[in-house]
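Student: Encoded as structure tokens, here's the structure I'll be asking about.
Protein chains: 2
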Amino acid sequence: MTDSNPNAALTAPSIPGDALPPVEQHAQQYATVRNAHETELIEDYVELIGDLLAHRGEARAADIANRMAVSQATVSKMIRRLNELELVTSKPYRSLFLTEAGQKMAETSRARHDIVLHFLRALGVKDATARIDAEGMEHHVSDETLAIMQRFTEQQQNN
Amino acid sequence: MTDSNPNAALTAPSIPGDALPPVEQHAQQYATVRNAHETELIEDYVELIGDLLAHRGEARAADIANRMAVSQATVSKMIRRLNELELVTSKPYRSLFLTEAGQKMAETSRARHDIVLHFLRALGVKDATARIDAEGMEHHVSDETLAIMQRFTEQQQNN
DNA sequence: CAAACAGTTTAGCCTTGGCTAACAATATTG
DNA sequence: CAATATTGTTAGCCAAGGCTAAACTGTTTG
Ligand SMILES: [Mn+2]
Ligand SMILES: [Mn+2]
Ligand SMILES: [Mn+2]
Ligand SMILES: [Mn+2]
């Protein structure tokens, strides 16, 4: 549980920069990231399906494959998983639809995604870059940071 | 390559929110994220090894396992990979060291990580939260955004 | 309405990144 | 210095998320 080399002070170089965080806190950082990685792809699928339903009226596997730049086989497998998780309903060869739980997840993810995207634009990041960055960052932004981003964006707009 | 349902405008609901980006751009978002995921764990290992070397004088597998909250077996396997990638050198039962390439990656990752962390703190995020968010966000921040974050932090400090 | 095309599913493969259990090497200590 | 504790390695397992190739279903069109 604790670091080896107890007499670190004796061997450490002279310019240590920022200190290392305590082991438990440091471990928490990585664990939180691993956790986010478990859910983020699911969130992106559900969010995209919600967007396709909202903007196109239907969400076909082929559209998802094209929009994600992934093979149709990959999408088909993932749809089975979403089904098992009871996030979508699907009849073979028909459009997907979101369950109640799926709609809730889609809304939450969409809202969070928008906050991050609008924040980056408010910061001065070009739209195309902001979109790319937001797609990855969104899954690693705490509620605390999210709230601050939202306030920042609003203040920026009242100027 | 293009969406199905060409007469989307006819079937789309009345509150479309932000429009969907063009397929190619949308695909690029997800592809960039997938790309980042391929390298981020490697970067975190190399960065941590660099930090342990800087602050402790040595980087032992057990320390990495504790700091990452991961089993020693997982670390051992990853070290083999880092060796194959020629990012670290290691003798059995001895401390790890970074190769030239490893040092370069560690520096780059550390710098990027610090910019994101300091930016979040400058935004007003609590330290513990900022550390957690930065650990995940850092891998998804473009150079463009990174530069803007750095400027923001500096301006905040000159107040 | 049959053929061609488009969309979907399945099977089987691969890599990554986790884990536990068992074993091996080194370090610490009675 | 032998016994014990710590550290490191190996083997074998698993799930996730990619892929290609082949089969199947549904739609469009000559
Ligand atoms: Mn999203
Ligand atoms: Mn995303
Ligand atoms: Mn980092
Ligand atoms: Mn990280």
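These protein sequence lines are chains A and B, in that order.
So this note's numbering is basically just the index in the first sequence, starting at one, shifted up by 2.
So this note's numbering is basically just the index in the second sequence, starting at one, shifted up by 2.
Even for Gly, the Cβ is constructed at its ideal location relative to N, Cα and C.
#1: Using the rule of at least 16 other Cβ atoms within 10 Å of the residue's Cβ for burial, across every protein chain shown, is T4/B buried or exposed?
#2: List the residues of chain A whose Cβ lies closer than 8 Å to the Cβ of V25/B, in chain order.
#3: Please confirm if I44/A has its CB atom under 9 Å from at least one CB of chain B.
#4: Check the C-beta distance from T131/B over to E146/A and give it rounded, since I have them as a contact under 8 Å.
#5: By how many angstroms is the C-alpha of M107/B removed from the C-alpha of N37/B?
#6: State buried or exposed for E49/A, treating a residue as buried only when at least 16 other CB atoms are found within 10 Å of its CB.
#7: What residue does the beta strand (DSSP E) around L100/A start on, and which one ends it?
#8: Restricting to runs no shorter than 4 residues, where is the alpha helix (DSSP H) found entirely within the stretch 21-107 of chain A?
#9: Relative to ligand 3, is the shortest distance from any of its heavy atoms to the C-beta of A163/A smaller than 8 Å?
#10: Does at least one heavy atom of ligand 4 sit under 8 Å from the Cβ of H120/A?
#11: Just to confirm the assignment, what range does the alpha helix (DSSP H) spanning G138/B have?
#12: Given a limit of 9 Å on CB to CB distance, which residues of the stretch 98-123 of chain A reach chain B?
#13: Give a yes or no on whether the C-beta atoms belonging to R69/B and H28/A are separated by under 9 Å.
#14: By the three-class DSSP mapping on this structure, what secondary structure does V118/B have?
#15: Exposed or buried, S78/B, counting other C-beta atoms within 10 Å across all chains shown (16 or more means buried)?
#16: Measuring only between beta-carbons, confirm whether A38/A sits less than 9 Å from chain B.
#17: What is the rounded straight-line gap between the Cα of A10/A and the Cα of E88/A?
Tutor: Judging by the given coordinates:
#1: One-based indexing of the second sequence puts residue 4/B at position 2. Reliability fails at T4/B, whose pLDDT of 40 lies under 50, so the model's placement of it is uncertain and no value is given.
#2: Here residue 25/B refers to the residue found at position 23 when the second sequence is read from its first residue. What V25/B touches in chain A: N68 and R69.
#3: As a position in the first sequence, residue 44/A is number 42, starting the count at 1. Not closer than 9 Å to any Cβ of chain B, the Cβ of I44/A fails to qualify, so no.
#4: Locating residue 131/B in the second sequence gives position 129, counting from the first residue. Locating residue 146/A in the first sequence gives position 144, counting from the first residue. Right, their Cβ atoms sit about 5 Å apart.
#5: Position 35 of the second sequence, counted from the start, is the residue given in the question as residue 37/B. Position 105 of the second sequence, counted from the start, is the residue given in the question as residue 107/B. Between N37/B and M107/B, the C-alpha separation is close to 16 Å.
#6: As a working note, residue 49/A is residue 47 in the first sequence. That one is buried.
#7: Residue 100/A sits at position 98 when you count from the first residue of the first sequence. Here the beta strand (DSSP E) through L100/A covers L98 to L100.
#8: 25-58, 63-70 and 74-86
#9: This structure cannot speak to residue 163/A, because chain A is shown only from 3 to 161.
#10: Residue 120/A sits at position 118 when you count from the first residue of the first sequence. No - ligand 4 has no heavy atom lying nearer than 8 Å to the Cβ of H120/A.
#11: For the purposes of this step, residue 138/B is taken as the residue at position 136 of the second sequence. D129 to M139 is the extent of the alpha helix (DSSP H) around G138/B.
#12: R112, D116, L119 and L122
#13: Numbered from its first residue, the second sequence carries residue 69/B at position 67. Numbered from its first residue, the first sequence carries residue 28/A at position 26. Contact: yes.
#14: Here residue 118/B refers to the residue found at position 116 of the second sequence. Here V118/B sits in helix by DSSP.
#15: Within the second sequence, the letter at position 76 stands for residue 78/B. Label assigned to S78/B: exposed.
#16: For this step, residue 38/A is matched to residue 36 along the first sequence. For A38/A, the answer is yes, since a Cβ of chain B falls inside 9 Å of its Cβ.
#17: Within the first sequence, residue 10/A is the residue found at index 8, counting from 1. Within the first sequence, residue 88/A is the residue found at index 86, counting from 1. Confidence in A10/A is poor, its pLDDT being 37 and thus under 50, which makes the residue's placement unreliable; the coordinate value appears in the next sentence. Each residue's alpha carbon lies about 52 Å from the other.
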